[in-house]
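Residue numbers (UniProt numbering), protein chains in the order written: chain A, 1 to 385; chain X, 1 to 451.
Below you can see the structure in the form of structure tokens.
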């Protein structure tokens with residue numbers, strides 16, 4: 001794995017997904033992050049959507065800067081917080097830990113040897129002695145060597161320790177995830193469903209800079225469980241919005257209704273929300289009177305079933321969208337829960353729009369992952385069922 | 001992602017600027033010196049090996065040409081101190097008698113519990129026979145504030161650190177007094193203080209965890225100088241040392257200068273696999289040097305050697321701001337691997353009998369005690385009898401005690417019960433109420449109301 005990864009680092013990656021779209025493209029146009037309604041382009045809407053005072057100041061940041069701001073806030077809030085992983089010291093290969101070692105010292109911000117199982121094992125041990133380690137796995141694709149430490153150890157630590165009261169709840173494992181247009185097999189994966197099958201860990205994926213900071217601070221300070229924090233790396237530079245400067249948190253157990261609607265519910269998380277938003281805009285423009293409800297799960301497990309069920313009981317139709325493949329994916333769990341909890345309200349089958357059950361072959365990415373066209377088509381099919 | 005190549009190129013320089021805190025003096029020293037090759041130099045200054053001499057002799061280093069790492073021993077198998085001129089042991093006779101009784105306790109408990117498993121009164125058991133000296137001797141060198149990560153054949157560590165027969169039996173019978181709340185297989189002991197982390201079955205996972213825990217103790221010591229100096233002791237067998245986590249744990253402990261002592265119990269077998277099929281180097285100790293870790297091999301049947309090596313290892317681990325140490329303790333697994341194993345399927349009974357007779361940590365210390373006039377056959381008989389009585393008493397009491405309430409199946413997965421878990425508990429309760437004859441609830445505290 002390391003030699004290949006090193007080679008891949010030589011490639012300069014443009015920040016957003018490239019669609020070699022035909023000139024006739026109406027749906028699959030590149031996402032314009034500067035105009036999407038999903039981002040706070042000004043500071044004025046922040047205080048209404050986040051639980052922060054009106055007087056809070058904010059700065060326009062992209063996702064990696066927001067993560068950096070969250071980590072800086074965390075490191076200055078508590079000397080229990082430590083930050084480590086591969087290449088973290090110089091700022092990280094995605095710049096998320098820029099300047100943090102200079103500010104907080106090499107005792108608390110440091111490089112580890114290149115060993116994912118070592119990094120997560122180390123984090124568990126530090127958390128068990130009361131620290132709040134934030135471990136970085138350089139790409140979610142490389143978390144698998146640490147799978148045993150996450151599944152058998154971190155997730156089960158509190159349960160097996162029982163009455164000793166010892167736990168590894170202070171730990172957070174951050175990892176960049178998702179496709180970037182040319183990441184191929186090992187720089188594109190989103191293994192959230194694998195972790196969602198593991199009781200004992202919380203799995204989180206933010207969609208935007210302000211959400212990332214609030215959720216990450218929440219993962220570090222407000223929730224005493226091991227958290228898998230997945231950062232859609234395509235948004236690191238692309239998504240820019242106003243982010244509060246101070247400490248604030250977003251609870252990990254609540255989904256967010258991004259856009260209310262009455263006719264169909266779309267449930268998604270992470271980057272595909274932007275695709276959903278674009279598809280919804282196209283449909284609503286085309287079919288007057290139709291309005292679609294869009295829900296961001298934010299926390300993939302344990303997830304906010306009530307918000308989703310309430311929505312589907314109202315709309316009667318549901319679509320789940322995610323980038324990771326469809327087979328045994330998050331969509332399967334959400335769809336099963338909907339049919340169990342809102343069976344009598346359903347007017348159409350729950351549809352899943354997700355990556356096909358294959359690997360992310362380099363030149364085929366745009367055919368494999370969900371795009372605006374597929375989501376648009378799914379909404380139409382669901383409405384017309 | 002796009003910046004990698006640019007940033008990587010300046011990495012060594014930046015690191016040199018950032019690191020020179022006293023905390024990282026060793027690394028900083030190495031980084032801040034120029035790594036360029038001076039003309040005419042007799043040694044290589046590659047960044048990956050900064051002090052390697054050139055040679056025009058092409059020779060591969062062959063491990064079998066190297067002398068094997070010697071085994072430190074204080075007393076011979078007759079319980080006589082090998083070095084007549086050495087200074088006296090720095091332990092009181094009273095403490096040594098406690099060690100002996102602790103080894104004996106584990107040994108007596110092993111016999112009773114192994115038999116109990118054979119009678120079906122216990123689901124599983126693993127004895128420590130032949131390795132009591134390693135666990136009791138090493139634990140005797142720890143303070144109560146030190147933290148232990150164990151594998152599973154270290155009952156002596158728990159015994160030496162204050163775990164009582166009551167605690168052992170509660171865990172073995174998974175009853176309502178069990179720290180593990182009835183969740184873990186037998187011999188997966190755990191305690192908060194002195195902190196012995198609850199044992200987990202996956203092998204070697206505790207090794208990088210021990211490194212991280214040691215790093216935490218070191219950081220906490222730096223942040224609060226009033227904290228007592230603490231180390232982590234991490235135990236594992238020679239089979240577990242083949243796992244990737246061994247490599248990860250030792251390497252990360254070395255690069256982060258963690259105050260941790262790794263204690264490998266090399267007992268010759270991993271279940272049925274002899275060491276010849278486990279590794280081809282000079283045991284586990286030879287690997288420590290490769291990681292830049294201070295290493296010693298000791299006679300694990302010699303409790304004095306184990307104790308002295310561990311005491312020194314602890315001192316070294318706390319020196320220079322913290323560093324890891326590896327102790328390889330040699331012994332022989334005279335018992336079966338576990339109650340699920342018949343070891344005579346893969347090794348000769350006569351070999352085992354031979355080891356039992358020839359060398360054994362308990363007999364060796366007993367001989368020393370007898371030579372010193374501190375022990376005799378009468379004391380041996382009465383102590384064994386009393387221990388056996390105590391074991392059986394706690395055994396009976398623990399066996400009669402109820403299991404924890406059924407809700408403990410769902411608690412502690414997360415800090416709080418999730419809404420999903422609450423739903424599932426309700427659903428299970430509905431099933432239990434609807435089909436009362438299908439489930440035996442009487443052995444669980446609070447019965448149906450325990451949910």
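Note that CB positions come from ideal geometry on N, CA and C, so glycine has one too. It should be emphasised that the depicted structure is a prediction, and the values quoted were computed from it without experimental measurement.
{"Query": "Drop a sphere of 10 angstroms on the beta-carbon of residue 359(X), count the other beta-carbons inside from all chains shown, and report buried for 16 or more, exposed for fewer.", "Result": "buried"}
{"Query": "Residues in the same chain with beta-carbon distance under 6 angstroms from residue 267(A), minus the five sequence neighbours each way, listed in chain order, please.", "Result": "295, 308, 320 and 334"}
{"Query": "To the nearest angstrom, how far is it from the Cα of residue 442(X) to the Cα of residue 159(A)?", "Result": "24 angstroms"}
{"Query": "Closer than 7 angstroms by beta-carbon distance: list the chain X residues that pair up with residue 231(A), in chain order.", "Result": "What residue 231(A) touches in chain X: nothing, since even the nearest Cβ is about 12 angstroms away."}
{"Query": "Quick check: what's the CA-CA separation for residue 292(X) versus residue 193(X)?", "Result": "32 angstroms"}
{"Query": "Cutting at 8 angstroms between CB atoms, please list the residues of its own chain near residue 60(A), excluding the five before and the five after it.", "Result": "240, 241, 242 and 243"}
{"Query": "Taking Cβ to Cβ, would you say residue 111(X) is nearer than 8 angstroms to residue 159(X)?", "Result": "no"}
{"Query": "Under a three-way DSSP split, which group does residue 388(A) fall into?", "Result": "In this structure chain A extends from 1 to 385, so residue 388(A) is not present and cannot be described."}
{"Query": "Is there a Cβ from chain X that is less than 8 angstroms from the Cβ of residue 122(A)?", "Result": "yes"}
{"Query": "Taking only beta-carbon positions, decide if residue 282(A) is within less than 8 angstroms of chain X.", "Result": "no"}
{"Query": "Between which two residues does the beta strand (DSSP E) holding residue 133(A) run?", "Result": "132-136"}
{"Query": "Could you round the C-beta distance between residue 216(A) and residue 336(A) to whole angstroms and report it? I think they count as a contact, below 8 angstroms.", "Result": "That belief does not hold up - the Cβ atoms of residue 216(A) and residue 336(A) are roughly 30 angstroms apart, past 8 angstroms."}
{"Query": "Could you pull out every unbroken beta strand (DSSP E) segment of at least 3 residues lying fully inside the stretch 213-292 of chain A, listed in chain order?", "Result": "227-232, 240-244, 256-259 and 264-268"}
{"Query": "My understanding is that residue 180(A) touches residue 202(A), with C-beta atoms under 8 angstroms, so please give their C-beta distance in whole angstroms.", "Result": "So it is not a contact: roughly 25 angstroms between Cβ atoms."}
{"Query": "Does the stretch 94-105 of chain X come into contact with the stretch 368-387 of chain X, if we say contact requires no fewer than three beta-carbon pairs (one atom in each stretch) closer than 8 angstroms?", "Result": "yes"}
{"Query": "Would you mind telling me which residues of chain X sit closer than 9 angstroms to residue 302(A), beta carbon to beta carbon, in chain order?", "Result": "414, 418, 419, 420 and 421"}
{"Query": "Helix, strand or coil, according to DSSP, for residue 350(X) in the structure here?", "Result": "helix"}
{"Query": "Measuring alpha carbon to alpha carbon, tell me which of 157(A), 173(A) and 74(A) ends up nearest residue 146(A).", "Result": "173(A)"}
{"Query": "Are the C-beta atoms of residue 209(X) and some chain A residue less than 8 angstroms apart?", "Result": "yes"}
{"Query": "Would you list the one or two residues that DSSP bridges to residue 322(A)?", "Result": "354(A)"}
{"Query": "Considering just the uninterrupted stretch of the beta strand (DSSP E) at residue 51(X), what are its terminal residues?", "Result": "49-53"}
{"Query": "What separation, rounded to the nearest whole angstrom, lies between the Cα atoms of residue 186(X) and residue 382(X)?", "Result": "29 angstroms"}
{"Query": "So is residue 431(X) buried or exposed if we call it buried at 16+ other beta carbons inside 10 Å?", "Result": "exposed"}
{"Query": "Tell me the rounded alpha-carbon separation between residue 439(X) and residue 421(X).", "Result": "20 angstroms"}
{"Query": "Would residue 162(A) and residue 412(X) qualify as a contact pair, given that the criterion is a beta-carbon distance under 8 angstroms?", "Result": "yes"}
{"Query": "Are there three or more Cβ pairs, one per stretch, closer than 8 angstroms when the stretch 219-238 of chain A is compared with the stretch 38-51 of chain A?", "Result": "no"}
{"Query": "So is residue 213(X) in contact with chain A if we call contact Cβ pairs under 8 angstroms?", "Result": "yes"}
{"Query": "Between 253(A), 132(A) and 208(A), which has its C-alpha nearest residue 396(A)'s C-alpha?", "Result": "No statement about residue 396(A) is possible, as the shown extent of chain A runs from 1 to 385 and does not include it."}
{"Query": "With 8 angstroms as the C-beta to C-beta threshold (strictly closer), list the residues of the stretch 247-258 of chain X near chain A in chain order.", "Result": "247, 248, 249, 251, 252, 255 and 256"}
{"Query": "Chain X beta carbons: is any one of them nearer than 8 angstroms to that of residue 354(A)?", "Result": "no"}
{"Query": "If we count the other Cβ atoms within 10 Å of its Cβ and call it buried at 16 or more, is residue 340(A) buried or exposed?", "Result": "exposed"}
{"Query": "Counting Cβ pairs closer than 8 angstroms, one from the stretch 280-295 of chain X and one from the stretch 313-327 of chain X, do we hit at least three?", "Result": "yes"}
{"Query": "Is it right to say residue 40(A) is buried, meaning 16 or more other beta carbons lie within 10 angstroms of its own, or is it exposed?", "Result": "buried"}
{"Query": "Work out the CA separation of residue 429(X) and residue 127(X) for me, nearest whole Å.", "Result": "38 angstroms"}
{"Query": "Tell me which residues of the stretch 76-109 of chain X have at least one Cβ-Cβ distance to chain A shorter than 9 angstroms, keeping chain order.", "Result": "none"}
{"Query": "Quick one: is the Cβ of residue 199(A) within less than 7 angstroms of any heavy atom of the ligand HEM?", "Result": "Ligands in the displayed structure: none, and consequently the ligand HEM is not present."}
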